[in-house]
Amino acid sequence: MISSLLGRSLNIRQSGIYIAFALIVVLFSILTDGALLQPQNISNIIVQNSYILILSIGMILIIIAGHIDLSVGSVVAVTGAIAAVLMVEYGLPWPLALVITLIAGGLIGAWQGYWIAYYGIPAFIVTLAGMLLFRALTLTVLGNQGIGPFPDPVRTLSNGFTDGYLGNVGLGPLGGADVFSLIVGALVIAGMATTQWRARAARLGYRQSVDPLPVFLLKLLTAAAVIIVVVVQLARFKNLPWVLVLLAALVLAYSLLTTRAVFGRQIYAIGGNLQAAQLSGINVRQVVFWIFVNMGVLAALAGVIFAGRLNQAGPTAGNAFELDAIAAAFIGGAAVQGGVGKVVGAITGGLIMGVINNGMSLIGSPSERVMLVKGVVLLAAVAFDVWTKRRATR
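The sequence shown runs 1 to 394 under UniProt numbering.
Next up, the structure:
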C-alpha cells in the first residue's frame with residue numbers, strides 16, 4: 001500500500017533529478033571514504049560552483065521560453081574585465097563599479113534581446129555571434145594579461161564567510177558550530193515548511209490534487225534533513241559563505257518570479273505554446289527581450305564573482321561556462337522544447353555537475369574521464385526527459 005501510494009504521488013519527472021542527486025552524493029561519499037561530505041569540501045563545492053549556479057538561474061528562464069544563450073561565458077569575461085578596469089585602473093568605489101558592471105551586462109543582454117525578440121533572428125545565431133564578439137572585446141580590453149587585485153569586499157563576496165556573530169555551540173562528537181549559521185538554517189527550514197504548507201492548503205481550497213499528507217511530510221522532512229546536514233557542516237568550518245547567502249536570495253526571488261508573478265507565468269506560456277501565448281494577448285517580444293536582459297545582468301554578477309575569486313580578470317575567464325550552465329538547466333529538468341523547468345531544478349543540476357567534478361577530483365580521475373562522465377549524465381538527463389514525454393503521451 002505504501003509503495004503504491006508513493007508511486008502515485010511522486011512525479012518521476014519532477015522527483016527523478018533529486019533522487020539522482022542523492023544517489024550521486026552517496027556514491028562519491030563511498031568512493032572518497034566520506035571526504036566528499038567533510039565541512040571544508042562542502043564549502044568548496046558551493047564556492048567553486050557559485051558562478052555556474054548564478055548563470056543557471058538565468059539560463060533556465062531562457063530555456064523555458066524556448067531559446068538558448070551561447071554567449072554567457074564571453075559575457076562573464078567581458079564584464080569581469082569591465083569591473084577590473086573600473087575598480088583597479090580607474091579606482092572607482094567598488095559599489096559604484098559593481099552597479100556600472102551590472103548595467104553593462106544588462107545592455108549586452110538588451111543588445112542580444114533586441115535582435116532575437118524584435119528582429120526575429122534565432123537566439124542560437126545571435127548568441128553565437130555574441131560569444132565571438134564579447135570574447136574579442138575582452139581580449140581588446142585586457143590583451144594577454146590579467147588585471148587585479150580586486151578590493152577586499154569583492155573578494156569577500158566571492159570567497160569570504162559570515163562572521164561568528166553569536167559564538168559557537170558544542171555539538172558533541174561533531175565539535176563546535178557557529179550559532180548564527182544554525183539559526184539561519186532553522187529559519188530557512190521554518191520558512192520552507194510554512195510556504196509548502198500554505199501552498200498545499202491553497203491547492204486544497206481550489207480542489208486541486210495534492211500529495212497525501214504522509215508523502216507531503218516525507219518530502220518536507222527529507223528537504224529539511226538535507227538543509228540541516230549542509231548548514232551544520234558549514235557551521236563547523238568557517239560559517240556560511242557570503243556567496244551562498246547571495247545564491248539563496250537569488251533562488252528565493254526567482255522562484256517567486258516563476259511561480260507567483262505574471263511575468264513568470266508568461267515565460268512558461270511562451271515556451272509551452274507560442275501561438276497560444278500570442279493569441280492570449282501576451283506581449284511575446286517584450287517578455288523575450290527582458291529575459292535576455294536578465295541573463296546579461298546575472299552573467300555580469302557571475303563575472304564579478306569569478307574575477308573576485310581569482311582576484312583578477314583574465315582573458316580566458318568564462319571559457320565553456322555557457323556549456324555548464326546549459327547542462328545544469330537540462331540536467332535539472334528543463335525540457336528541450338521549452339515550457340518546463342524550475343529554478344531549484346537548475347540549481348540541483350548545477351550541484352550535480354559540481355559534485356561530479358569535485359568527487360572525481362578527490363579520487364584522482366583524469367580530466368578526460370570527468371568530461372566523459374559529465375557528457376553521459378547530460379545525455380541521460382535529456383533522454384530521460386524525452387522518455388517521460390513519450391510515456392505520458394502513450
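A virtual CB, placed ideally from N, CA and C, is assigned to each residue, including glycine.
From a predicted model like this one, the values you see are computed outputs, not experimental measurements.
| Item | Value |
| --- | --- |
| Judging by CA-CA distance, which residue of L37, G364, V336 and G349 is the nearest neighbour of I68? | V336 |
| Whose CA, out of V304, E89, A300 and V75, lies closest to the CA of R147? | Position check: residue 147 holds Ile in this sequence, whereas Arg was assumed. Among V304, E89, A300 and V75, the Cα nearest to that of I147 belongs to E89. |
| How many whole angstroms separate the CB atoms of V284 and L274, which I take to be in contact at a CB cut-off of 8 Å? | 7 Å |
| Quick check on this structure: which residue in A186, I30 and I267 has the alpha carbon closest to the alpha carbon of V231? | A186 |
| What first and last residue would you give for the alpha helix (DSSP H) that runs through A328? | F321 to I331 |
| Can you tell me which of the three DSSP states residue 397 falls into? | Any property of residue 397 remains undetermined from this structure, which presents the chain solely from 1 to 394. |
| Taking 7 Å as the threshold (C-beta atoms), are G73 and A300 in contact? | no |
| Starting from residue 423, trace the alpha helix (DSSP H) in both directions and tell me its first and last residue. | Because the chain spans 1 through 394 in this model, residue 423 falls outside it and cannot be assessed. |
| Please classify A277 as buried or exposed, where buried requires at least 16 neighbouring CB atoms within 10 angstroms. | buried |
| Which class does A335 belong to by DSSP, given the choice of helix, strand or coil? | coil |
| For Q38, which residues from the same chain have a beta carbon less than 8 Å from its beta carbon, with the 5 sequence-adjacent residues on both sides left out? | Q233 |
| Can you grab the Cα-Cα spacing for the pair G272 / L298, in whole Å? | 24 Å |
| Is P241 helix, strand or coil when you go by DSSP? | strand |
| Does the separation of the CB atoms of T138 and P315 fall below 7 Å? | yes |
| I need the straight-line Cα distance from A224 to I108, nearest angstrom please. | 39 Å |
| Between A110 and the rest of its own chain, which residues show a CB-CB distance below 8 Å, the 5 nearest in sequence each way excluded? | F289, F292, V293 and G296 |
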